[in-house]
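So the sequence lines, in the order shown, correspond to chains A and B. Here the first sequence stands for residues 591 to 699, numbered as in our numbering. Here the second sequence stands for residues 11 to 120, numbered as in our numbering. Ideal Cβ placement from N, Cα and C applies to all residues, glycine included. These numbers come from a predicted model, not from an experiment. This report refers to the structure that appears directly beneath it.
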Amino acid sequence: GIQVEQSPPDLILQEGANSTLRCNFSDSVNNLQWFHQNPWGQLINLFYIPSGTKQNGRLSATTVATERYSLLYISSSQTTDSGVYFCAVGFSGTYKYIFGTGTRLKVLA
Amino acid sequence: DAGVTQSPTHLIKTRGQQVTLRCSPKSGHDTVSWYQQALGQGPQFIFQYYEEEERQRGNFPDRFSGHQYPNYSSELNVNALLLGDSALYLCASSLLTEAFFGQGTRLTVV
Chain A
591 GIQVEQSPPD LILQEGANST LRCNFSDSVN NLQWFHQNPW GQLINLFYIP
641 SGTKQNGRLS ATTVATERYS LLYISSSQTT DSGVYFCAVG FSGTYKYIFG
691 TGTRLKVLA
Chain B
11 DAGVTQSPTH LIKTRGQQVT LRCSPKSGHD TVSWYQQALG QGPQFIFQYY
61 EEEERQRGNF PDRFSGHQYP NYSSELNVNA LLLGDSALYL CASSLLTEAF
111 FGQGTRLTVV
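Below is the structure:
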């Protein structure tokens with residue numbers, strides 16, 4: 591069946607470190623987004639990136655649709671980056687998003 | 011732009027009761043989707059409304075129903091609440107592509 595898998599499930603970093611979060615998906619995609627969920631539950635949009643590469647400050651993302659994966663890069667991490675990062679994939683022929691299981695990031699001061 | 015707004019933010023209900031959650035989409039967005047997020051898991055798709063019709067439905071029982079109004083705002087209704095319905099309910103609005111989420115309604119069933 592259609593699957594979205596994220597890795598690693600948990601990540602602990604020292605402030606200032608860099609990290610790469612991965613999202614693998616099993617089928618052709620129409621839409622792909624990365625979100626950061628804060629401790630209050632709000633899903634914050636990071637990137638809308640069904641293909642290609644985008645950058646926004648310390649964050650960047652790359653999606654290689656033909657190889658069915660997307661990467662989120664966080665550079666010079668800060669304690670405020672802590673939280674859960676979700677990849678959400680909209681597959682061809684469907685209107686819904688399927689979310690991955692998330693990567694729980696903790697950045698230590 | 012107020013973004014996606016949901017009400018109420020928190021709610022406590024008794025098993026067997028009925029609940030209505032509300033969502034106002036981002037300005038200019040015509041599509042509203044609802045998701046359920048259990049503790050420690052990713053959001054799960056409940057259904058999507060477009061042009062006041064349910065366009066797609068996830069794997070949820072008929073106890074979950076919805077409505078979309080002409081101004082694109084939407085409601086999620088859950089009947090005969092079960093303890094397992096306790097979760098964060100998220101509303102997302104979109105216009106063709108990128109989805110934006112509200113802050114959610116945290117429902118506790120006791």
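Within chain B, no C-beta atom comes nearer than 7 angstroms to that of Lys644(A); the closest sits roughly 12 angstroms away. Contact note: Leu633(A) reaches chain B through Leu100 and Phe111, using a C-beta cutoff of 7 angstroms and chain order. If you check the CB distance, Phe55(B) and Ile688(A) come in under 9 angstroms.
In this structure, Glu64(B) is the residue among Gly38(B), Ser83(B), Ala109(B) and Glu64(B) with its C-alpha nearest to the C-alpha of Phe74(B). Straight through space, the alpha carbons of Tyr60(B) and Ser104(B) are spaced by roughly 10 angstroms. Here the alpha carbons of Lys36(B) and Asn81(B) stand approximately 11 angstroms from one another.
Per the DSSP secondary-structure output, Val654(A) pairs in a beta bridge with Tyr659(A). Within the same chain, Cβ atoms closer than 7 angstroms to the Cβ of Gly673(A) are found at His626, Gln627, Asn628, Pro629 and Leu695, the five residues on either side in sequence being excluded. Checking the DSSP bridge columns, you'll see Leu49(B) has no partner listed. The three-state reading of DSSP puts Thr41(B) in strand, counting E and B together.
Around the beta carbon of Asp95(B), 16 or more other beta carbons sit within 10 angstroms, so the residue counts as buried. For Val14(B), there is no enclosing beta strand (DSSP E), as DSSP marks it with neither H nor E. CA-to-CA, the gap between Pro71(B) and Thr652(A) works out to about 37 angstroms. When only Cα atoms are considered, Thr115(B) and Gly647(A) end up about 31 angstroms apart. Within the same chain, and ignoring the five residues on either side of Ser43(B) in sequence, the residues whose Cβ sits closer than 6 angstroms to its Cβ are Gln58 and Ala102.
Nearest CB-CB separation between Tyr60(B) and chain A: below the 9 angstroms threshold. With the criterion set as a beta carbon lying under 9 angstroms from some beta carbon of chain A, the members of the stretch 14–44 of chain B are Thr41 and Ser43, in sequence order. Burial of Thr41(B) is indicated by the presence of at least 16 other C-beta atoms within 10 angstroms of its C-beta. Between Thr691(A) and Lys644(A), the alpha-carbon positions lie close to 23 angstroms from each other.
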